[in-house]
Amino acid sequence: MIKQITAYRYLYYLLAALAVISLGGTIAFWKNAHPLFYCWVIASVLLAAGAAAANIRHKTLKTRHYLRESWGKEERRERDFSEIGYLFELTAAGDPGSIDRQTWDDLDLGQVYHRLDRTLTNPGEAVLYYILRTPLDDREKLQERARLIRLFQDNAAVREKLRLLLHRLGKQDLNNITPLLWGELPPRNPLRPLFDLLALASLLSPAAPFIWGSRALLFIPCLFAINMWVHYKVKQSFFFHLPSISYLGSLLRTAPKIASIKLPEREKYGEQLRAAAGACRKILRHTRFLSSKATTSDADIFLEYLKIFFLLEVRGFYAALREIDKQRSQLQAVYMRIGELDVYQSIASYRAGLDGYVEPEFVSNRAYLNVKEIWHPLLENAVPNSIEMKEQGVLITGSNMSGKTTFLRTIGVNAILAQSIYTCLASQYTGSFFKIAASLGKHDSLEEGKSLYYMEAERLLALVNAAANPAVPSLCLIDEVLSGTNYIERIAAAEAILNYLASKNALVIVATHDLDLAQKLKGAYRCYHFTDRVGPEGLYFDYILKEGLTTTRNAIKLLEYMNYPEEIIEAAVTGVKHYLRRKS
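The C-terminal residue of the sequence shown carries number 725 in my numbering, and the numbering is unbroken.
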C-alpha cells in the first residue's frame, strides 16, 4: 500500500502542475481569441478534476494504511473522563446495577479503559465508558455483542469500510454532542419571528429601488448593518453550541453511509440507522450553514456576507434546535448505534492485540465463579491464577506486596469485562451474573470530616445492602476489613460483617493480614495465601495463589532490608515474641 500512496501523491503533483500549465494556455488563447481556446478550457478542467481525484485517492489510501497499522495496538492519548462520562452520568448514574464510583476507582478501571479504547468517534468513546459502567445480566444481549465483535475480527473488508467512515467522522476536542442530545437544550429566542422578517426584507430589498426610487438604495446598506448587528449579537449566545450542532450534522450524514455497509446477519443495525437518520433529515437542511470555523478563503468570506445578510446562521440554529427537540429519541438512537459499532470494532482491535482471551460462560443465579489462569489486563508478564468459588467466601492472607489486592482487582475487572464486552483474560471463565462492588481504597474524607473508620464502615454498608438482594448475586471484594479502628472491635465487627455476607447470595473475597480473623471464619470462608521470600538478594514473590493460611511474615524483614537501625529491628522482633508468648 505504501507504493500506491506514493504513486497517487506523485500523480496528484503531476496533474496539478499540468492543470496550472493548461490554465496558462487557456488565458493566452483567450486573449488572442484562438479557436483552440475551448480545447484548453476542457483540458484544464479535466486535469484539475484528475488532480482532485488523485488527491482524494491518496488521502483515502493514507487513512486506510494508518487504520491497518493501528489495528490491534493501544492508542496512547489523554482522555477526559468528565466529558467521556457525560452519557453515563446523564442516563444511568445511580442505577442499582451500575458500577459505582468507588468500585471504578478501586479497580483502576480508568486505566483499563485506556487499554480497551481504540474508538474513533465521540459517541464511541462515550458508549464504551457507558458499557463498562453498566454490566449486563442478559446472556442474549451479551452474545449479540460478541457476534458483532467477532464479525469485525474476522471480516477485514467490512471492518475497514466501517473504520474508514468512523475515522472521517472523527472526534471533537470537546465532547459537546452528548449533553446536546441528553441534557437541556439552549433556550429558544422569542425574537425568532423577527429574524424571519429581517431575512424576508433582505430577500426583497433588491426590488426596493424599483418601487421607491433611487433613495431606496440607502435601505440595503442600512438593512445589512441591522442584520450584521443581529447576527453577531445573537451568535454570541449560541457560539459555544455550534461545534456540537456541526458534529451532529456530520453524524447524520455518516449514518446512512454506515447503514449501507452489509453486516452479515446483523441488518437490523442498518435498518435502525436508516430509519432514524431519515426522520432527522430536516436537521441537515438547517445545519448546513452552521460552522464554528474562521473564514479563510474568498469563498468563505462571500458565504459569511450571505449568512449575515439573510441571517442564515441565526435562523438555522434556532430551526435546528426546534427539530432536535422533536427528534431527540431518533437522534439518540443514531448516536447509540454508531457508538456501539465503534465500540465493537474497538474491542475487536483489543482482542487482536492479546496473547490470549476467552469468552465467558454464565450459569444460574446462585453465586458461583470458576476461573482458570486468570490475569490482570494492566500487568505485563502477569502470573495467572485459578480458583473456584461456591457456597463459601474466600479469605486471602499473605505479606505486603505479595499480590493479594492485585488478585482481588483481577477478579473484579474480569467480572466486569465478562458482563460488558464478553471478553475475559483467562483460559476459562464460568460464573454467575454479578452485582460487583469493591472496597479496596483506604482514605479519610477531610472535606466531609469523616474518619477512615467511618468511610470504611459506610462503604461496607453499601456492600451489605447490595448483598441483601437475593435475586442478584453479589461479588464483594474487600481489602482489610475496618482497618481504621482498634483491634478488639475490628476483629469482632469484621467477623460479624463477613459472616453476614457469607450467608447471603454473594461471593465475598477478602484480603487481610489478620490471621486471627481467618481462624474465626473457618467453615464460612476458605483460606488461600500468597508467599514471599526476603533474603540478601532482596524481595522475591512468586504471585501464585495457594490454599491454606500464610506461614510467613515480612513486615520486619522489609524494615531490615531497607536498612532501618538495628535498635528498631531488635525492638520489633522482641515485641513480636512477647505478643506470641502472651497469646499462647
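Built from N, CA and C at the ideal position, the CB exists for glycine as well.
As the structure is a prediction and not an experimental result, all values here were calculated from the model.
{"Check": "Residue 83 and residue 307: beta carbons closer than 9 Å?", "Outcome": "Here the chain covers residues 142 to 725 and nothing more, so residue 83 does not appear."}
{"Check": "From which residue to which residue does the beta strand (DSSP E) around residue 394 run?", "Outcome": "Counting along the chain, residue 394 falls outside any beta strand (DSSP E), though it belongs to the alpha helix (DSSP H) covering 383-400."}
{"Check": "What's the call for residue 480, buried or exposed, on a 16-neighbour Cβ count within 10 Å?", "Outcome": "buried"}
{"Check": "Only counting the same chain, and skipping five residues up and downstream in sequence, which positions put a Cβ closer than 6 Å to that of residue 283?", "Outcome": "277, 563"}
{"Check": "Please classify residue 373: is it buried, with 16 or more other beta-carbons within 10 angstroms of its beta-carbon, or exposed?", "Outcome": "exposed"}
{"Check": "For a test of the three-state rule: what should DSSP assign to residue 567, helix, strand or coil?", "Outcome": "coil"}
{"Check": "With DSSP as the reference, label residue 511 as helix, strand or coil.", "Outcome": "strand"}
{"Check": "From the DSSP output, in three-state form, read off residue 519 for me.", "Outcome": "coil"}
{"Check": "In this structure, does DSSP put residue 538 in helix, strand or coil?", "Outcome": "strand"}
{"Check": "State the start and end residues of the unbroken alpha helix (DSSP H) segment that holds residue 423.", "Outcome": "422-428"}
{"Check": "May I ask you to report which of helix, strand or coil DSSP gives residue 545?", "Outcome": "helix"}
{"Check": "Could you check if residue 681 is buried or exposed, using at least 16 other CB atoms within 10 Å of its CB as the buried criterion?", "Outcome": "exposed"}
{"Check": "Cβ atoms of residue 188 and residue 157: under 9 Å apart, would you say?", "Outcome": "yes"}
{"Check": "Cα-Cα, which of 210, 389, 417, 538 is closest to residue 687?", "Outcome": "538"}
{"Check": "How is the beta strand (DSSP E) around residue 317 delimited, first residue to last?", "Outcome": "Residue 317 -> no beta strand (DSSP E), and no H or E assigned at all."}
{"Check": "Are the stretch 257-266 and the stretch 524-536 touching, with three or more C-beta to C-beta distances below 8 Å?", "Outcome": "no"}
{"Check": "Is the stretch 366-385 touching the stretch 442-461 in the sense that three or more CB pairs, one from each, lie closer than 8 Å?", "Outcome": "yes"}
{"Check": "Just to confirm before moving on: does the CB-CB distance between residue 143 and residue 206 stay below 9 Å?", "Outcome": "yes"}
{"Check": "Name the residue from 336, 380, 344, 490 whose alpha carbon lies nearest to the alpha carbon of residue 296.", "Outcome": "490"}
{"Check": "Measure from the alpha carbon of residue 607 to the alpha carbon of each residue in 502, 443, 236, 478, then state which is nearest.", "Outcome": "236"}
{"Check": "Going by DSSP, what residue range makes up the alpha helix (DSSP H) through residue 375?", "Outcome": "360-379"}
{"Check": "Say whether the stretch 387-401 touches the stretch 313-330, bearing in mind that this needs 3 or more beta-carbon pairs closer than 8 Å, one atom from each stretch.", "Outcome": "yes"}
{"Check": "Using only CA atoms, which one of 378, 248, 546, 422 lies nearest to residue 396?", "Outcome": "422"}
{"Check": "Measuring only the C-alpha atoms, how far is residue 148 from residue 185?", "Outcome": "22 Å"}
{"Check": "Cβ of residue 638 within 9 Å of Cβ of residue 648?", "Outcome": "no"}
{"Check": "If contact is defined by three or more beta carbon pairs under 8 Å, each pair taking one atom from either stretch, is the stretch 318-334 in contact with the stretch 506-520?", "Outcome": "no"}
{"Check": "If you follow the alpha helix (DSSP H) that residue 657 is part of, which residue opens it and which one closes it?", "Outcome": "656-661"}
{"Check": "With DSSP collapsed to three states, give me the class of residue 247.", "Outcome": "helix"}
{"Check": "Which of the three DSSP states is assigned to residue 266 in this structure?", "Outcome": "helix"}
{"Check": "Which of the three DSSP states is assigned to residue 674 in this structure?", "Outcome": "strand"}
{"Check": "Residue 593: which of 580, 604, 465 sits nearest, CA to CA?", "Outcome": "580"}
{"Check": "Here's the rule I'm using: 16 or more other beta-carbon atoms within 10 Å means buried, otherwise exposed. How should residue 590 be labelled?", "Outcome": "Caution is warranted here: a pLDDT of 46 is assigned to residue 590, below 50, making its placement in the model unreliable, and no coordinate value can be reported."}
{"Check": "Excluding the 5 residues flanking residue 659 on each side, which residues of the same chain have their C-beta closer than 8 Å to its C-beta?", "Outcome": "536, 538, 653, 666, 668, 690"}
{"Check": "Would the stretch 602-617 count as touching the stretch 566-576 if we require 3 or more Cβ pairs under 8 Å?", "Outcome": "yes"}
{"Check": "In this structure, does DSSP put residue 499 in helix, strand or coil?", "Outcome": "strand"}
{"Check": "What is the DSSP secondary structure of residue 336, reduced to helix, strand or coil?", "Outcome": "helix"}
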